[in-house]
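Residue numbers (this note's numbering): 23 to 259.
Beta carbons: idealized from backbone N, C-alpha and C, even for Gly.
Single-structure report; data block below.
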Amino acid sequence: MKLSRKTLFSLSIPILIIILSMAFLVPWWILETSNNPTHYWKKIAPEKVEMDSGLLNSMADYLESENHDIHSVVIIRDGFIVTEWYASGYKIKTLFKLYSATKSVISILIGIVLDMGFISSVNQLMLDYFPNRTIMNLNADKESITIKHLLTMTAGFDWPEWEISYFNVNNIFNTWKVNDDYVQFVLDRPMNSTPGEKFNYNTGISHLLGAILEVATNKSVEDFANEYLFEPLEIIS
23 MKLSRKTLFS LSIPILIIIL SMAFLVPWWI LETSNNPTHY WKKIAPEKVE
73 MDSGLLNSMA DYLESENHDI HSVVIIRDGF IVTEWYASGY KIKTLFKLYS
123 ATKSVISILI GIVLDMGFIS SVNQLMLDYF PNRTIMNLNA DKESITIKHL
173 LTMTAGFDWP EWEISYFNVN NIFNTWKVND DYVQFVLDRP MNSTPGEKFN
223 YNTGISHLLG AILEVATNKS VEDFANEYLF EPLEIIS
């Protein structure tokens, strides 16, 4: 059945009224206890977001009772800071080393680079970005490594980072860390599996992705990250 324009118009009025009415039926406590932080995070009493301030205070007392090697705790709920605690010697502006959190950041940056067209595909070969380097242990497997393999840590390099403690000087991470050329050290590693065959945790691979970003964009990782990731998100730390 085909409805006339007049009928459609007459039906649209009550529908619009219902929609507007529903908007005003949102409970006031939901509106009051939800926040979408932009420039800064607001604080709120725990009970306003159904949390127990007594338990949170007990947590702080426990953390302060002895050395738990915990530097800070921030609990956020519904977009508000519910509680914030810092150990002695630490404060809100204390900077910390991010370590492997950087791996996620570099992956995000590679996604931005792909979206902007600086890299055409994750299937581009790794070695395309290092044409002027003389690379040891070069074989067909190493030549077939793609950006996707780097992102998924399935490149196939011989890199036994998880086999011994990081506190052991013989851990390959520590050997790599004191090398003069981080990129060359990773590129020169022998292969022990076919790319894409298995996952192997490899900190050096993240540095390769950073080097690829710099070649593709002609910007440093720091400058690119600030311009296209941190500044748009208003991250200034």
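With respect to the beta strand (DSSP E) encompassing E106, which residues constitute its N-terminal and C-terminal limits?
Within the sequence shown, the letter at position 84 stands for residue 106. Looking at the DSSP string, the run of the beta strand (DSSP E) that includes E106 is F102 to Y108.
Less than 8 Å between the CB atoms is what I'm expecting for M148 and I169, so what's the real figure, rounded?
In the sequence shown, residue 148 corresponds to position 126, counting from 1. In the sequence shown, residue 169 corresponds to position 147, counting from 1. Confirmed, about 7 Å.
If you follow the alpha helix (DSSP H) that I128 is part of, which residue opens it and which one closes it?
Reading the sequence shown from its first residue, position 106 is the one you call residue 128. A123 to M138 is the extent of the alpha helix (DSSP H) around I128.
Would you mind listing the alpha helix (DSSP H) stretches within the stretch 194-219 that are 4+ residues and don't spill past its ends, in chain order?
Fully enclosed alpha helix (DSSP H) runs of 4 or longer: 194-199 and 204-210.
Residues in its own chain within less than 6 Å of N193 by CB, not counting five upstream and five downstream?
For the purposes of this step, residue 193 is taken as the residue at position 171 of the sequence shown. So the list reads I186, once near-sequence residues are dropped.
For the pair the stretch 107-114 and the stretch 194-211, tell me if three or more CB-CB distances fall below 8 Å.
Verdict: no, contact absent.
Contact check, D210 vs M175 under 8 Å by CB: the rounded distance?
Numbered from 1 along the sequence shown, position 188 holds the residue referred to as residue 210. Numbered from 1 along the sequence shown, position 153 holds the residue referred to as residue 175. Not confirmed; about 18 Å, so no contact.
Identify the continuous beta strand (DSSP E) that holds S94 and give its terminal residues.
Position 72 of the sequence shown, counted from the start, is the residue given in the question as residue 94. Taken as a continuous stretch (DSSP letters only), the beta strand (DSSP E) holding S94 covers S94 to R99.
Using 7 Å as the threshold, is the C-beta distance between L235 and L131 below it?
Against the sequence shown, residue 235 aligns to sequence position 213. Against the sequence shown, residue 131 aligns to sequence position 109. Yes, these two residues count as a Cβ contact at 7 Å.
What three-state label does DSSP hand L230 in the structure shown?
Working through the sequence shown from its first residue, we reach residue 230 at position 208. L230 falls in the helix class under three-state DSSP.
DSSP three-state label for T168, please.
For the purposes of this step, residue 168 is identified with residue 146 of the sequence shown, where counting begins at 1. DSSP places T168 in strand when its eight states are reduced to three.
Express the C-alpha separation of F252 and V237 in angstroms, rounding to a whole number.
As a first step, residue 237 is located in the sequence shown; it is residue number 215 there, counting from the start. As a first step, residue 252 is located in the sequence shown; it is residue number 230 there, counting from the start. When rounded, the distance between both Cα atoms is 20 Å.
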